[in-house]
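Residue numbers (the UniProt record's numbering): 1 to 258.
A virtual CB, placed ideally from N, CA and C, is assigned to each residue, including glycine.
What follows is a short report on a single structure.
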Amino acid sequence: MNNDNEIVNYTKEERKSHILKEINLHTRVSFETLSVKLCVSEDTVRRDINELESESLLIKVKGGAMTKAYHHSSSNQTYAGESKQIIAQKTIGLLHDGMVLLIGGGTTIREFIRLIPNDLSLTIFTVTVLSAVELLDKPNVKIIMIGGSISSYSQMCVSGDVYNQLANIKVDLLILGTNALDIEGGFSDSDWETVQVKKAMIQASQKTAILTISEKLDTVLKMKIANLSEVDYVVTEVEPDHEKLQSYKKAVPSLVFV
């Protein structure tokens with residue numbers, strides 16, 4: 001990683017590799033962020049992203065690009081798929097029969113949904129259409145879709161109706177993925193509407209579990225959703241006593257790593 005005072009002259013292939021890495025790690029990245037990280041103009045980043053899109057390696061969105069794995073037609077292209085399956089299996093251990101859940105969306109949540117036992121009776125609220133569709137395969141899950149206009153950034157419902165509906169529920173456990181997690185920065189994202197909805201989801205929940213691959217630790221995006229002190233569980237693919245987690249345990253003793 002280059003420091004702020006160092007200009008790194010990447011080749012085009014190195015830039016494209018870095019762009020794919022950032023997008024797979026954080027789901028979506030803006031032209032501006034990539035321009036700063038790569039020390040090139042936004043026009044250069046746009047050209048690189050156009051080439052990557054023509055190679056079917058990412059999806060262009062307004063202001064940047066997103067990983068293909070997040071798209072409903074590309075579920076077989078999940079970044080760090082094995083790690084996310086481990087996280088999903090650990091998350092199942094937080095459930096018990098009769099729970100009321102609130103869940104978000106994303107590739108790790110998708111893996112979690114797939115592993116929900118068919119004989120487990122749950123009520124699940126979600127603000128993400130794709131999560132609701134995945135849940136239709138679970139015979140003992142009552143699905144309640146919290147609806148409104150859908151964000152092209154996060155594929156979550158983000159309108160005023162969502163806030164009204166969330167304000168009237170209190171679920172046992174919120175299960176969210178994240179694009180970045182840090183001791184000081186908490187967990188964060190880059191889209192204002194998405195951040196506001198996730199804040200409302202936390203308020204609607206007795207407890208909160210954040211699912212993240214360990215590679216996202218020590219990363220920060222533009223907008224904080226919550227401090228880690230507001231989170232009850234962090235579920236990663238590494239064991240709770242892993243060295244990567246020790247500084248987090250020391251900084252936030254109340255946080256349970258799964």
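query = Between the Cα of VAL100 and the Cα atoms of GLU215, ILE113, ILE169, ALA69, which residue gives the shortest distance?
reply = ILE169
request  = Output the boundary residues of the alpha helix (DSSP H) element that contains MET201.
outcome  = 192–203
key: Beta-carbon proximity check, GLU111 vs GLN85, cutoff 8 angstroms   = yes
key: ASN179 versus SER159, ILE59, ILE213, ASP119, residue with shortest Cα-Cα distance   = ILE213
query = Taking the continuous alpha helix (DSSP H) assigned at ALA88, which residues delimit it?
reply = 81–92
message = Quick check: LEU211 and THR91, are their CB atoms within less than 8 angstroms of each other?
response = yes
key: Backbone CA spacing between ILE49 and VAL29 [nearest angstrom]   = 11 angstroms
For ARG47 and ILE87, the rounded distance between their alpha carbons = 35 angstroms
task = Return the chain-ordered list of same chain residues with a C-beta closer than 7 angstroms to the C-beta of GLY64, the five sequence neighbours on each side being excluded.
result = ARG28, VAL29, SER30, PHE31
inquiry  = Out of ASN227, LEU221, ILE124, VAL258, which one is the CA nearest neighbour of THR138?
reply    = First, the residue type needs correcting, since residue 138 is Lys and not Thr in the sequence shown. Per the Cα distances, ILE124.
request  = Answer yes or no: do ASP189 and THR208 have a C-beta to C-beta separation smaller than 8 angstroms?
outcome  = no
key: Simplified DSSP assignment, three categories, for ALA132   = helix
ask   = With DSSP run on the structure shown, which of helix, strand or coil describes LEU255?
value = coil
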